[in-house]
Amino acid sequence: MTLSAAQLGDLSDAIADRIYVQVAGWHLYLGDAKLARPLAEELAGLLSQGTAAAVRMALERLQVPIGAGSTRLPLARLIPPGQLLDLEEILEPFCSDTGRPPLATDARD
């Protein structure tokens, strides 16, 4: 499954404002760190692996330059454990057959 450019943008936007790295007690959101789009692109290539596996694999693959860039760490080492579940929740709708987040459901029964 591949995502369209619009879907990739939607995924990136959802990640940008909700997922953060934690450094010295500070939260740096991935949108501010310019890491939301690269993570969304990495996740998009792993959707067939399932939500949990895609999240863990993408976070390990995405290397974050630290300092002047001479050191790189996997993004997985900078994200608190609770954020993994949040990222899985964000990604889940994109792993569906349609690849689109679901629309608000109508409560008519």
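Per this note's numbering, residue 31 is the first one in the sequence shown, and the count goes up by one each step. Every residue gets a Cβ at the ideal spot worked out from N, C-alpha and C, and that includes glycine.
Open item on the list: Am I right that alanine 63 and serine 42 are in contact with their C-beta atoms under 8 Å? What's the rounded C-beta distance?
Closed with: In the sequence shown, residue 63 corresponds to position 33, counting from 1. In the sequence shown, residue 42 corresponds to position 12, counting from 1. Incorrect: roughly 13 Å between the Cβ atoms, too far for contact.
Open item on the list: Mapping the DSSP letters down to three states, classify threonine 81 as helix, strand or coil.
Closed with: Looking up residue 81 in the sequence shown gives position 51. DSSP places threonine 81 in helix when its eight states are reduced to three.
Task: glutamine 52 vs proline 111 beta-carbon contact at 7 Å - done: Mapped onto the sequence shown, residue 52 falls at position 22. Mapped onto the sequence shown, residue 111 falls at position 81. Going by C-beta atoms, glutamine 52 is not nearer than 7 Å to proline 111.
Open item on the list: Please tell me whether proline 123 and leucine 92 are closer than 7 Å, where the distance is taken between their beta carbons.
Closed with: Here the question's residue 123 lines up with position 93 in the sequence shown. Here the question's residue 92 lines up with position 62 in the sequence shown. Taking 7 Å as the Cβ cut-off, proline 123 and leucine 92 do not qualify as a contacting pair.
Open item on the list: Looking at alanine 70: is its Cβ nearer than 7 Å to the Cβ of leucine 108?
Closed with: Taking the sequence shown and counting its residues from 1, the one referred to as residue 70 is at position 40. Taking the sequence shown and counting its residues from 1, the one referred to as residue 108 is at position 78. Against a cut-off of 7 Å, the Cβ pair of leucine 108 and alanine 70 comes out as no contact.
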